[in-house]
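One structure is given here, and the rest of the page talks about it.
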Amino acid sequence: MSVTIRDMLKLPVFNNAKVVAGCDGLDSVIMSVSVLESADEESLGIIFPGVSSNYNHEVSITAMMEARYDVQKQIDIIKKMKIDGQVGLILYYVGYVLPEINQKVIDYANSISMPLIVMPSNLELRYSDAIIEIMEAIIEDKRESDYFATDIIEVLSKLSPENRNVNSVLSIIRERTQSSIFLYDETGRELNRIEWPRDQNLSVKKLVDIIQKNGFHDGDVNEVLIDGSSFSFFKSQFNLAFSSIDVIVVKERGSLTIDECEQIRHILQTYINLWAEEYGSVDTKQLISSIIHDEPEKMHRLAKSMKLDVSTLSSVYYIYFADSNVSINRLSDLRKAKKIVSNALREQVCYRCF
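Going from the sequence shown to the numbering used here is simple: count from 1 and add 202.
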């Protein structure tokens, strides 16, 4: 069982709240709650993609202070929230801070199934009341439900393809288990990591060295001391079609159980088998994708494994053939000489470089 927005609306703090848009999204699962008041582009990750990402199944509380007179900016905020995987917006002080909810905003929220929940127009209401009740409901649900793998896999199945990626999966698992997770391929190359709390910068190398030195068995939960702090960790492995993936689960000053770690391993294996069959393989497509999506750690890791120096990259060429029947092999010809590229671009190709 997981807490949905529909469940959230039954909490006492929402007794007089109104859902003004996005009713189709009321069955979305909530895993956390946050406050959104900064509406500038940098904070929203519009200028720097990926800065404000991985907020899957989070509901946000806001008064739209910085966008109260800008309808388009309000729409942009909701759009970015949806892209980042957030599932609902709770609006406070409508009529005081935000003059009204424009119909364009309502229409857009309906079009993407993003619930807009308007709290009563009362300046005495506090964000903290909603935060406390929502988090208490989420925590209580976690206590009552030891088995979470099925719920998370169901959540993943409902994500849009652009939001259903490894980082999203790890983010959802992290919020559910309050643990850090690290994935490696069979050569020891780190594939992905996500930490609890965020940006903890845990020294995984020290942990891996300790595991190797002490000969801990896969599938067991063990405890170690690193720089004076106590960590519980679990290491396991699962096989893919042509490779294997090592999973390390770490929790600081907390206990792990074999059951929850096995569920994490099962979720990851199921996700990769269903939606990411080529996970762990290295090719230029992944490198280009990591550059476009502003994933510096992944970019440098892939480039290193491919023996490429990304610091030498300074330009991107988008090449479009005017004649759609031209063979893709023509691209190889264009690489042969700068003169050929220049002539071809002038004759039949539109190009942009930045």
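For each residue, glycine too, the CB sits at the ideal point set by N, CA and C.
Limits of the alpha helix (DSSP H) - the one that residue i falls within
{"i": "Leu510", "result": "No alpha helix (DSSP H) contains Leu510, which DSSP labels as neither H nor E."}
{"i": "Asn304", "result": "Careful: Asn304 lies outside any alpha helix (DSSP H) and carries neither H nor E."}
{"i": "Lys281", "result": "Val273 to Ile285"}
{"i": "Val357", "result": "Ala351 to Lys360"}
{"i": "Asn475", "result": "Ile460 to Trp477"}
{"i": "Lys344", "result": "Tyr329 to Glu346"}
Opposing strand residues paired with residue i [DSSP bridges]
{"i": "Lys220", "result": "Val320"}
{"i": "Ser262", "result": "Ser236 and Leu291"}
{"i": "Ser382", "result": "Val452"}
{"i": "Asn557", "result": "Nothing about residue 557 can be reported from this structure: the residues present for the chain run from 203 to 556 only."}
{"i": "Ser446", "result": "Asn441"}
{"i": "Thr206", "result": "Val231"}
{"i": "Val296", "result": "Leu300"}
{"i": "Asp387", "result": "Ile447"}
Boundaries (first-last residue) of the beta strand (DSSP E) holding residue i
{"i": "Gln439", "result": "Ser431 to Asn441"}
{"i": "Asn394", "result": "Glu392 to Ile396"}
Whole-Å CB distance - residue i paired with residue j, under 8 Å assumed
{"i": "Gly224", "j": "Ser315", "result": "5 Å"}
{"i": "Phe350", "j": "Arg378", "result": "6 Å"}
{"i": "Asp209", "j": "Asp348", "result": "Contact doesn't hold; Cβ gap of about 19 Å is too wide."}
{"i": "Asp331", "j": "Val215", "result": "5 Å"}
{"i": "Leu318", "j": "Ile308", "result": "7 Å"}
{"i": "Asn258", "j": "Ser373", "result": "5 Å"}
{"i": "Cys463", "j": "Val423", "result": "7 Å"}
{"i": "Ser381", "j": "Val451", "result": "5 Å"}
{"i": "Gly290", "j": "Gly227", "result": "7 Å"}
{"i": "Gly482", "j": "Leu442", "result": "7 Å"}
Burial state of residue i, where buried means 16 or more other Cβ atoms lie within 10 Å
{"i": "Gly287", "result": "buried"}
{"i": "Arg328", "result": "exposed"}
{"i": "Thr514", "result": "exposed"}
{"i": "Asp448", "result": "buried"}
{"i": "Thr459", "result": "exposed"}
{"i": "Leu476", "result": "exposed"}
{"i": "Arg400", "result": "exposed"}
{"i": "Ile232", "result": "buried"}
{"i": "Tyr473", "result": "buried"}
{"i": "Tyr386", "result": "buried"}
{"i": "Val499", "result": "Here the sequence assigns Glu to residue 499, which means Val is not the residue at that position. Burial call: exposed."}
{"i": "Ser434", "result": "buried"}
{"i": "Lys172", "result": "The shown model of the chain, from 203 to 556, leaves out residue 172, and the question about it has no answer."}
{"i": "Ile490", "result": "exposed"}
{"i": "Glu346", "result": "exposed"}
{"i": "Ile303", "result": "buried"}
Cβ neighbours of residue i in the same chain (closer than 8 Å, five flanking residues each side left out)
{"i": "Lys212", "result": "none"}
{"i": "Lys306", "result": "Val273 and Ile277"}
{"i": "Pro251", "result": "Note that Pro251 scores 38 on pLDDT, short of 50, meaning its location in the model is unreliable and no value can be drawn from it."}
{"i": "Met266", "result": "Ala241, Gln276, Ile279, Leu293, Val299 and Leu300"}
Close Cβ partners of residue i (< 6 Å) along its chain, the five nearest in sequence each way excluded
{"i": "Ile428", "result": "Lys408"}
{"i": "Asp272", "result": "none"}
{"i": "Leu238", "result": "Ser262 and Thr264"}
{"i": "Ser438", "result": "Asp420, Gly421, Val449 and Arg467"}
Beta-carbon contacts of residue i that lie in its chain and below 7 Å, excluding the five residues immediately before and after
{"i": "Leu325", "result": "Tyr295 and Tyr298"}
{"i": "Ser204", "result": "Val231, Asp343 and Asp353"}
{"i": "Ile412", "result": "Val426"}
{"i": "Ser492", "result": "Lys500, Met501 and Leu504"}
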